[in-house]
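Contents: one structure, followed by commentary.
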Amino acid sequence: MLQEPEDPQVVVQMIILCVDGIDPDLVQEFGWGKLFKYNYSLSIPPECYVPDKELGSTPHTTRVWPTIFSGQIIDYGLTRRSGARKKIHDALVRMGITWKRGKPKFRVAPTNRDLETIFDDFHSFTWNLPTMDPEWLATFPSYEAFVEHCKRELWMFMLMTRGAVNSVFPLNAFYVRYVDFIGHNEPEKLRGAYDNIFQHASELKKKEDVILLSDHGCDAGLHTEQAYFGSDYPIHAESVHELRDELERIFIEVGLDYWEAPQDFKPEEEDLIKERLRRLGYIE
Ligand SMILES: [Zn+2]
Numbered sequence: 671m672l673q674e675p676e677d678p679q680v681v682v683q684m685i686i687l688c689v690d691g692i693d694p695d696l697v698q699e700f701g702w703g704k705l706f707k708y709n710y711s712l713s714i715p716p717e718c719y720v721p722d723k724e725l726g727s728t729p730h731t732t733r734v735w736p737t738i739f740s741g742q743i744i745d746y747g748l749t750r751r752s753g754a755r756k757k758i759h760d761a762l763v764r765m766g767i768t769w770k771r772g773k774p775k776f777r778v779a780p781t782n783r784d785l786e787t788i789f790d791d792f793h794s795f796t797w798n799l800p801t802m803d804p805e806w807l808a809t810f811p812s813y814e815a816f817v818e819h820c821k822r823e824l825w826m827f828m829l830m831t832r833g834a835v836n837s838v839f840p841l842n843a844f845y846v847r848y849v850d851f852i853g854h855n856e857p858e859k860l861r862g863a864y865d866n867i868f869q870h871a872s873e874l875k876k877k878e879d880v881i882l883l884s885d886h887g888c889d890a891g892l893h894t895e896q897a898y899f900g901s902d903y904p905i906h907a908e909s910v911h912e913l914r915d916e917l918e919r920i921f922i923e924v925g926l927d928y929w930e931a932p933q934d935f936k937p938e939e940e941d942l943i944k945e946r947l948r949r950l951g952y953i954e
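Printed below as a string of structure tokens:
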């Protein structure tokens, strides 16, 4: 509980920059195809798409990232926007079954918090991974709130990735919307956004092993149908769902050790401690 790994001097470091919306073709177009020895364009399985009014369907952030890190193609069943679910909903309403719809200020979505990922096998620190980390927010009450959040998220991403150099954790992964945000809102500024991210990656790369990857591209306000993977280690993958095993191979190659979680923390006076924390409002 709240421990840092022992013997930080010998820790081999890997930093994974998870940047939403980087398109492999635009990486080349903007002249960043040489920062990493290997640049890949990966396909996205249809299960990671959601229905879209304009396009029919589009790769979705909430689905691609969990697939990348778990290696699993997850069957999400009925989506919120699917016609079948609406039919079921309407039928229930006709039967007199209704439910209250809450209006939370922000919707936090660690819906895949218990999903088994590559980060369970190595001693890792992850931040803001979509649907997997508690910091990640899914929806916002207004466009303004979304914009504010994205600015703050970028700032945090820059701070934390810099801080990850010499981190005591061997494996570190951080997520930011930034490039996707620019692709949706100000696509004419995309070149500058790529410059910022790749320049940043280049600085980090002088000190640690870095991998830069995306869930799909974003251009002219719409998601593209290919994901990006940049690394100094070659991989054998054509689709994002094949990345997990390739990442594992790279981690072992660079010298990361498999991690065994310690026994659960069990204080002697557990009940007393919990009761005190409850009274303070820390837990329910
Ligand atoms: Zn995305």
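Note that the sequence shown covers residues 671 to 954 in my numbering.
Where is the CB? At the ideal position from N, CA and C, for every residue including glycine.
Every value quoted in this text rests on a predicted model; they were computed, and no experiment measured them.
Please classify E856: is it buried, with 16 or more other beta-carbons within 10 angstroms of its beta-carbon, or exposed? Within the sequence shown, the letter at position 186 stands for residue 856. Exposed, by the Cβ-count rule.
Check H730 in the structure and name its three-state DSSP category. Residue 730 sits at position 60 when you count from the first residue of the sequence shown. In this structure, H730 counts as coil in the three-state DSSP scheme.
Residue burial classification, I943 (beta-carbon count within 10 angstroms, cutoff 16): On the sequence shown, position 273 is the one that residue 943 refers to. That one is exposed.
Closer than 6 angstroms by C-beta to Y708: which residues in its own chain qualify, once you throw out the five before and the five after it? Chain order, please. Against the sequence shown, residue 708 aligns to sequence position 38. Taken in chain order, the residues that qualify are S901, P904.
Step through the CB atoms of chain B and report whether any lies within less than 7 angstroms of the CB of M684. Here chain B cannot be found, since the structure has a single protein chain.
Looking at the strands, I want to know which residues DSSP matches up with F795. Position 125 of the sequence shown holds residue 795. Its beta-bridge partners are N842.
For a minimum of 3 consecutive residues, which ranges assigned as the beta strand (DSSP E) are wholly contained in the stretch 690 to 726? 708 to 712, 719 to 722
Ignore the nearest five residues each way along the sequence and tell me which others in N782's own chain have a CB closer than 7 angstroms to its CB. Numbered from its first residue, the sequence shown carries residue 782 at position 112. Excluding sequence neighbours, N782 sits near P736, T801, M802.
Whole angstroms is fine: what's the gap from R919's alpha carbon to V689's? Counting from 1 along the sequence shown, the entry for residue 919 is found at position 249. Counting from 1 along the sequence shown, the entry for residue 689 is found at position 19. Straight-line Cα distance between these residues: approximately 22 angstroms.
On a Cα-Cα basis, can you pick out the residue from K877, L882, G891 that is closest to N866? Residue numbering aside, residue 866 sits at position 196 when the sequence shown is read from its first letter. Answer by Cα proximity: L882.
Tell me the residue span of the alpha helix (DSSP H) that contains V849. What you label residue 849 is simply residue 179 of the sequence shown in a count that begins at 1. Element bounds for V849: 848 to 855.
Could you name the residues of the same chain whose beta carbon sits closer than 8 angstroms to that of P715, not counting the 5 residues immediately before and after it, in chain order? For the purposes of this step, residue 715 is identified with residue 45 of the sequence shown, where counting begins at 1. Answer for P715: T737, I743, S909, V910, H911, listed in chain order.
Going by Cα to Cα distance, which pick from V697, N842, S713 is closest to L926? Position 256 of the sequence shown holds residue 926. The shortest C-alpha separation from L926 is found at N842.
Pick out every residue whose C-beta is nearer than 6 angstroms to a heavy atom of ligand 1: which are they, in chain order? D690, G691, T731, D850, D885, H886
Taking all protein chains shown into account, do 16 or more other C-beta atoms lie within 10 angstroms of the C-beta of L748, making it buried, or fewer, making it exposed? Taking the first residue of the sequence shown as position 1, residue 748 is located at position 78. Residue placement at L748 is flagged as unreliable, the pLDDT there being 46, under the threshold of 50; a coordinate-derived value is accordingly withheld.
Only counting the same chain, and skipping five residues up and downstream in sequence, which positions put a Cβ closer than 8 angstroms to that of Q896? Indexing the sequence shown from 1 puts residue 896 at position 226. Result list for Q896: D693, P694, D695, S711, L712, S713, I714, H886, G887, in chain order.
How is T894 classed by DSSP in three states: helix, strand or coil? For this step, residue 894 is matched to residue 224 along the sequence shown. Residue state, collapsed to three classes: coil.
When you compare the CB positions of V835 and E873, do they come within less than 7 angstroms of one another, or not? For the purposes of this step, residue 835 is taken as residue 165 along the sequence shown, with counting starting at 1. For the purposes of this step, residue 873 is taken as residue 203 along the sequence shown, with counting starting at 1. No, Cβ-Cβ distance for V835 and E873 is not below 7 angstroms.
Continuous alpha helix (DSSP H) stretch holding V880: start and end: The sequence position of residue 880 within the sequence shown is 210, counting from 1. Unbroken run through V880 is the beta strand (DSSP E), 879 to 883; no alpha helix (DSSP H).
Got a sec? Which residues, its chain only, sit under 7 angstroms from R847 by beta carbon, not counting five neighbours each side? As a working note, residue 847 is residue 177 in the sequence shown. So the list reads D690, C820, E823, once near-sequence residues are dropped.
Determine the contact status of T787 and F844, defining contact as a CB-CB distance below 7 angstroms. By one-based count along the sequence shown, residue 787 stands at place 117. By one-based count along the sequence shown, residue 844 stands at place 174. Going by C-beta atoms, T787 is not nearer than 7 angstroms to F844.
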